[in-house]
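Accompanying notes for the structure given below.
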Amino acid sequence: MSALDASDKTKIEASKAQYAVLKTNYEIKIKEAEVSAVVTPLDYRQVLRNKLFGEGTIGSDMSFSFATANNLLSIYRNFVNTVADNKNNYSREDWDEIKVLYEALDTRKNTVEKDLPKGDNNKIALLKIKFSAIKATHRGGTKGAENKAAKQKA
Numbered sequence: 011m012s013a014l015d016a017s018d019k020t021k022i023e024a025s026k027a028q029y030a031v032l033k034t035n036y037e038i039k040i041k042e043a044e045v046s047a048v049v050t051p052l053d054y055r056q057v058l059r060n061k062l063f064g065e066g067t068i069g070s071d072m073s074f075s076f077a078t079a080n081n082l083l084s085i086y087r088n089f090v091n092t093v094a095d096n097k098n099n100y101s102r103e104d105w106d107e108i109k110v111l112y113e114a115l116d117t118r119k120n121t122v123e124k125d126l127p128k129g130d131n132n133k134i135a136l137l138k139i140k141f142s143a144i145k146a147t148h149r150g151g152t153k154g155a156e157n158k159a160a161k162q163k164a
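Just so we're aligned, residue 11 is where the sequence shown starts under our numbering, counting upward by one.
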């Protein structure tokens, strides 16, 4: 009778070991599925870059090599028009990023300026004036609105 008991105990221990392995594998697969299901949202700066310049055109490296003398006017036009269309929706952080992007675009313009088609430089200058006016009238307002909201919470 004790031989049966020992045999049964061996089978039980083997089943427990097999169950532990299956349970561990199952838990690992569940964790892997949870990790892959979590989609990390894009950084707000990347979302803004995509809206201003097109999906994936500018990454965190801030390379403006895509901007050439031949397409610079259309890039400026799109940038300024997008800012104008969304000027009331931007936060102070958005305006800070827009300023950085604008300065980088302007630096690129200075690099390719000698190759710009005739008349493009004047058209870009008009767009720069339009952008400056928008920025001057809306960027400061976002800070004021944030301060007002903070005071109301307090």
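Cβ coordinates follow ideal geometry from the N, Cα and C atoms, glycine included. These numbers were taken from a predicted model, which means no experiment stands behind them.
Do residue j and residue i come within 8 Å of each other at the CB atom, strictly closer than that value?
i	j	result
Ile134	Lys119	yes
Glu103	Tyr54	yes
Leu137	Val93	no
Leu62	Leu111	yes
Ile144	Lys97	yes
Val31	Thr78	no
Arg149	Trp105	yes
Hey, quick one: how far does the alpha helix (DSSP H) through residue i stretch, first residue to last?
i	result
Phe63	Tyr54 to Phe63
Leu82	Leu82 to Asn96
Asp177	What is shown of the chain runs 11 to 164, which leaves residue 177 out entirely.
With distances taken Cα to Cα, identify the nearest neighbour of residue i among the options.
i	options	result
Asn175	Ser142, Ser84 and His148	It is not possible to answer for residue 175, since the shown part of the chain is limited to 11 through 164.
Pro127	Ser25, Asn88 and Leu82	Leu82
Arg87	Glu37, Asp15, Phe141 and Lys124	Phe141
Gly129	Ser101, Asn80, Ile139 and Lys161	Asn80
Val57	Ser70, Val45 and Ser46	Ser70
Tyr100	Glu44, Gly64, Thr147 and Asp15	Thr147
Contact defined as beta carbons within less than 8 Å: I believe residue i pairs with residue j. What is the distance between those atoms, to the nearest angstrom?
i	j	result
Leu115	Phe76	The Cβ separation is near 11 Å, so there is no contact.
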